[in-house]
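Everything below concerns the one structure shown next.
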Amino acid sequence: MSSALSAPPVTPTRIAFGFAVLCLSYMINAMDRQVFYPLLPDIRQEFGFTLDQGGLLATGFTLGIALAGLPAGYLMDQMSRKSIVVASVLLYSMGTLAIPLAFGFVDMSLYRLISGVGEGMQATALYAIIGAFFFHRRAVAAGVVGVAFGAGVFLGPLLGNRMAGAWGDWRAPFFVFAAAGIVMALSIAVGVSRTMTEAVTGARQAATSYAHVPATLFNRNTFGIGVACAVSGLVFYGFLGLYPTFLREHLNFSAGQSALAVSFSGFGAMMALPAGWLGDRFNQRNLIALALVATSATATVTYQYATSATAQYALAFMMGTFASGFLFTNCTTAMQRAVRPEHVGRASGLFMLTYYVAAAFSGLLFARLVDEVGWGGAGFWQLTVLPVLGILGLLLVDTSRMMIPRETVHS
527 MSSALSAPPV TPTRIAFGFA VLCLSYMINA MDRQVFYPLL PDIRQEFGFT
577 LDQGGLLATG FTLGIALAGL PAGYLMDQMS RKSIVVASVL LYSMGTLAIP
627 LAFGFVDMSL YRLISGVGEG MQATALYAII GAFFFHRRAV AAGVVGVAFG
677 AGVFLGPLLG NRMAGAWGDW RAPFFVFAAA GIVMALSIAV GVSRTMTEAV
727 TGARQAATSY AHVPATLFNR NTFGIGVACA VSGLVFYGFL GLYPTFLREH
777 LNFSAGQSAL AVSFSGFGAM MALPAGWLGD RFNQRNLIAL ALVATSATAT
827 VTYQYATSAT AQYALAFMMG TFASGFLFTN CTTAMQRAVR PEHVGRASGL
877 FMLTYYVAAA FSGLLFARLV DEVGWGGAGF WQLTVLPVLG ILGLLLVDTS
927 RMMIPRETVH S
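So for the sequence shown, the working numbering puts the first residue at 527; every next one is plus one.
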């Protein structure tokens, strides 16, 4: 992989433009993921899928994200990150293009998995890029990327539902988002500088000692953070996967109301920027623990008490804020800080593995719980009680053995 040290200088304007293009590509990634959820009831009706099958389709694609994480992290030690990003955007766009052409559950599951592999490769490479280039401000940079993701989560269901309604077919949004992904791949190839994408992590901090950080990728801190990552994936994607179905089938919301509620969770995910700012200044272990508590409390009200559209919109915003904005942003950057600079790409892959393997089966688990204990019971066990396990994992984390910015308060 080429180094930023040997690349020609790049202007701040070019850096800003390249970063904007990368963020926009991740927004398309999020729109591509989110469009499936509000359309799931229509897809289930046409194909006759069970709730279990619908739940697996909703979140099973994240298994592809998980499987792509570690291999992508190792590939980045051998190949250009920019090339990986371009190839990954093209791959998930092809998977999206194939979904409306599916004949049944098996091939649709395969197309969803292909989409997930591409999305996982892009996310792993993207977070490695910002972790290396924005070395001491990686959480803030990750927060900006999180805002782009949140915008995609917000826009995807609204635009997708509107397209489906306008054309009278749930397939239309998938064709549109696939085309948008192909355009973004070309934009990255042309508009993003390799000086930015191939930066050597910590090159400017060569004089800094990282002897206090474990020398191996697998250590006590990555294990503890990994537990929190897995719980976060189970919680957030368990919520996202069947939340529109819960609103439409249990609370009798309209398709438009359920799509808007999911979009509010994306609006909450945009809180990744202040979440990242806090992550660069305060103890991330404690910040993640607080976010898990807040997520648990939000889920309790969502599935046990709130029945009005206004209340669900507000709660979906809060779920997006805590489960995505705070947890995703700080879990991924904490995982990078738990290893030495030369392992940042692999740490990004490890985050993808732990977070998205759990997320892949979250929809199926939630559906099974609904069958056994109803919607309220499923929300209680998977979204209210499970975060406690994440907090227990964080007890293993020793922040004194992490790469902590100088401004961080060890509270």
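Yeah, the Cβ is synthetic: ideal placement off N, Cα and C, and Gly gets one too.
- Looking at the DSSP output, F587 shares a beta bridge with no other residue.
- Annotation for V757: the continuous alpha helix (DSSP H) segment containing it runs 746-771.
- Burial state of S834 is exposed, judged by a 10 Å Cβ sphere holding fewer than 16 other Cβ atoms.
- Contact annotation: I655 and M722 have beta-carbon atoms nearer than 8 Å.
- According to the DSSP assignment, M722 belongs to the alpha helix (DSSP H) that extends over 720-723.
- Per DSSP, L616 is one residue of the alpha helix (DSSP H) stretching across 607-624.
- It is roughly 21 Å from the alpha-carbon of D695 to the alpha-carbon of V632.
- The shortest C-alpha to C-alpha distance from D578 to any of A801, A886, T859, L922 is the one to A886.
- Only residues of its own chain outside the window of five on either side were considered, and among them none has a CB closer than 6 Å to the CB of T836.
- For W901, the uninterrupted alpha helix (DSSP H) segment begins and ends at 888-904.
- DSSP places S822 inside the alpha helix (DSSP H), whose first and last residues are 810-830.
- The alpha carbon of A705 has as its nearest neighbour, out of F545, L876, M557, T576, the alpha carbon of M557.
- Taking 8 Å as the upper bound for CB-CB distance, L550 and A674 are in contact here, some 7 Å apart.
- In this structure L920 is in contact with I814, their Cβ atoms being roughly 6 Å apart against a cut-off of 8 Å.
- Inter-residue distance for V615 and T539 is about 24 Å (C-alpha atoms, whole angstroms).
- Straight-line measurement puts the Cα of G691 at about 27 Å from the Cα of E645.
- An exposed status is given to D897, since fewer than 16 other beta-carbon atoms sit within 10 Å of its beta-carbon.
- Segment contact: the stretch 625-641 against the stretch 762-781, fewer than three CB-CB distances shorter than 8 Å; contact not assigned.
- Taking the CA atoms as reference points, L652 sits about 7 Å from V611.
- A contact is defined here as three or more CB-CB pairs under 8 Å, and the stretch 582-597 fails this definition with respect to the stretch 734-745.
- Inter-residue distance for T826 and V702 is about 36 Å (C-alpha atoms, whole angstroms).
- A buried status is given to N809, since no fewer than 16 other beta-carbon atoms sit within 10 Å of its beta-carbon.
- In the three-state DSSP reduction, A704 falls in the helix class (H, G or I).
- Contact between L684 and A781 fails: their C-beta atoms lie close to 11 Å from each other, not under 8 Å.
- Distance from the CA atom of R863 to the CA atom of I930, rounded to whole angstroms, is 7 Å.
- Assignment of L743 by DSSP, reduced to helix, strand and coil, places it in the coil class.
- Its chain contains A817, A820, T821, T824 as the residues whose beta carbon lies nearer than 7 Å to that of F848, once the 5 sequence neighbours on both sides are disregarded; these appear in chain order.
- For E868, there is no enclosing alpha helix (DSSP H), as DSSP gives it neither H nor E.
- Nearest Cα to F562 within the set V911, Y829, L766, Y839: L766.
- Collapsing the DSSP output to three states places M634 in a helix.
- Short of 6 Å from the beta carbon of A756, and not among the five residues preceding or following it, lie these beta carbons of its own chain, in chain order: T880, A884.
- Looking at the backbone, the Cα of Q783 and that of G707 are separated by about 27 Å.
- The C-beta distance from V679 to Q838 rounds to 16 Å, too long to fall under 8 Å, and the pair is not in contact.
- Ranked by Cα distance from F573, the options M861, R697, L548 are led by R697.
- For V788, the enclosing alpha helix (DSSP H) covers residues 781-795.
- At least 8 Å separates the beta-carbon of M647 from that of A715.
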